[in-house]
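So the sequence shown is numbered by the working numbering: it starts at 374 and just counts up by one.
Following: one structure in structure tokens, then a few remarks.
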Amino acid sequence: MALSTRFTELSGVRHPIVLAPMGGSAGGALAAAVSRGGGLGMLGSGNGERGWLEREASIVAAGTDQPWGVGFLSWAADVGAVERALEYGPRAVMLSFGDPGPFADSVRHAGALLIIQVTDLDEARRAVDLGADVIVAQGTEAGGHGARRGRSTLPFVPVVVDLAAPVPVLAAGGIADGRGIAAVLALGAAGALLGTRFQATTEALVDPAIAEAVVEGRGHDTERSSVLDIVRGSRWPSKYTARTLGHPYLERWRGREAELAADPRAAQDYQDELARGAIPPLPVWAGEAVDLVTDRPSAADLVATLAAQAEDALNRAGRN
374 MALSTRFTEL SGVRHPIVLA PMGGSAGGAL AAAVSRGGGL GMLGSGNGER
424 GWLEREASIV AAGTDQPWGV GFLSWAADVG AVERALEYGP RAVMLSFGDP
474 GPFADSVRHA GALLIIQVTD LDEARRAVDL GADVIVAQGT EAGGHGARRG
524 RSTLPFVPVV VDLAAPVPVL AAGGIADGRG IAAVLALGAA GALLGTRFQA
574 TTEALVDPAI AEAVVEGRGH DTERSSVLDI VRGSRWPSKY TARTLGHPYL
624 ERWRGREAEL AADPRAAQDY QDELARGAIP PLPVWAGEAV DLVTDRPSAA
674 DLVATLAAQA EDALNRAGRN
């Protein structure tokens, strides 16, 4: 049974599997490998920093002749960065966290697919009103940033599917193997967007220690919090918190976020401890399905494995 969906038809990919555009770690080599494997590889361009974007976009454009895309943070990027990315010919641009409105016309005029990630129903309605070609419904199980007061993937996805129809919806959050992909297809999604699983691949732009932490991590060790954004001086909107594996500063400041934000010494203490190597250099962004990540394959091989697992899970479900 071929896993053909409205999304695969629209995007021109073989499998309904999309690489989450994880800031920094979803670089050109990883995006190209996912696309070569038959999924949609997405660069994680974040705020659209030009040097990073131009370097990694050149790598993915040279590394695959299959469709690929690039993702931006709506609250942090500018229209010029999106327009620069479009010059490299991505099949899709994904906008997350914030108002995607200022970027929509540029994406449409370039002929790229407009993918908008949403974390609640107000954002979903806005995406429909803007004419999104694809909507990503992100549940709170997701690693990295997401809604402070969001909903879990299982109940959230079908509600967005119904609201957005006939626009295809991708599910995100807590999906790390083919069974998860099969599950969201059964919920009416047209595919799945995976992040944590792709951090532990040979092409991911992460320190080996980060990849090892993901492989060794467990879902009950993840936590959604604003502590690490506050102490790192991140400008993330307060609506969104980040799910990570454990960190010393989470233990130290959990439940005391207001006190942390008001403490002028905390950020300097954090930097001093970083310089001494007393704390990890970066948070380990990881979702609740991290238990299912047990190895570091190549991303192209992983896409094939995920697709085969999903097909098998759907076949088994049909026999039960």
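Where is the CB? At the ideal position from N, CA and C, for every residue including glycine.
Are residue i and residue j closer than 9 Å when you measure CB to CB?
| i | j | result |
| --- | --- | --- |
| Ser599 | Glu576 | no |
| Ala406 | Met415 | no |
| Arg481 | Leu413 | no |
| Gly547 | Arg597 | no |
| Leu578 | Leu601 | no |
| Leu566 | Gln511 | yes |
| Pro610 | Trp448 | yes |
| Gly417 | Pro394 | yes |
| Ile390 | Leu679 | yes |
| Val533 | Leu503 | no |
| Ala683 | Leu376 | yes |
| Ala549 | Val666 | yes |
| Gly453 | Gly419 | no |
| Pro368 | Ala681 | Since the first residue of the chain shown is 374 and the last is 693, residue 368 is not available in this structure. |
| Ala686 | Gly411 | no |
Helix, strand or coil for residue i per DSSP?
| i | result |
| --- | --- |
| Leu392 | strand |
| Thr378 | coil |
| Leu618 | coil |
| Trp441 | strand |
| Val466 | strand |
| Trp658 | strand |
| Ile554 | helix |
| Leu446 | strand |
| Val663 | helix |
| Ala563 | coil |
| Leu543 | strand |
| Tyr643 | helix |
Could you tell me the alpha carbon to alpha carbon distance between residue i and residue j, rounded to whole angstroms?
| i | j | result |
| --- | --- | --- |
| Ala544 | Ala515 | 10 Å |
| Gly564 | His388 | 8 Å |
| Leu426 | Ala690 | 42 Å |
| Asp451 | Gly421 | 7 Å |
| Phe445 | Ala399 | 12 Å |
| Arg379 | Val542 | 9 Å |
| Thr574 | Arg625 | 31 Å |
| Gln641 | Ala584 | 27 Å |
| Arg649 | Pro621 | 14 Å |
Along the chain, where does the alpha helix (DSSP H) that runs through residue i open and close?
| i | result |
| --- | --- |
| Ala500 | 494-502 |
| Phe571 | 569-572 |
| Leu679 | 672-692 |
| Val588 | 581-589 |
| Val533 | 526-537 |
| Leu426 | 423-436 |
| Glu630 | 630-635 |
Following the continuous beta strand (DSSP E) through residue i, name the residue where it begins and the one where it ends.
| i | result |
| --- | --- |
| Ser479 | It is not in any beta strand (DSSP E) - Ser479 instead sits in the alpha helix (DSSP H) that spans 474-482. |
| Val507 | 507-511 |
| Ser598 | 596-598 |
| Leu416 | 414-419 |
| Ala515 | Neither: Ala515 is in no beta strand (DSSP E) and is coded neither H nor E. |
| Leu486 | 486-491 |
Going by CA-CA distance only, name the one from the options that's closest to residue i.
| i | options | result |
| --- | --- | --- |
| Ile508 | Val455, Ala573, Ala485, Ala537 | Ala537 |
| Ala500 | Thr526, Arg524, Gly471, Ala520 | Gly471 |
| Thr595 | Glu456, Thr513, Asp580 | Thr513 |
| Glu456 | Arg423, Leu567, Asp668 | Arg423 |
| Gly484 | Ala686, Ser384, Leu679, Pro539 | Ser384 |
| Ala639 | Ile603, Ala430, Ala615 | Ile603 |
| Ser408 | Asp493, Gly436, Val530 | Gly436 |
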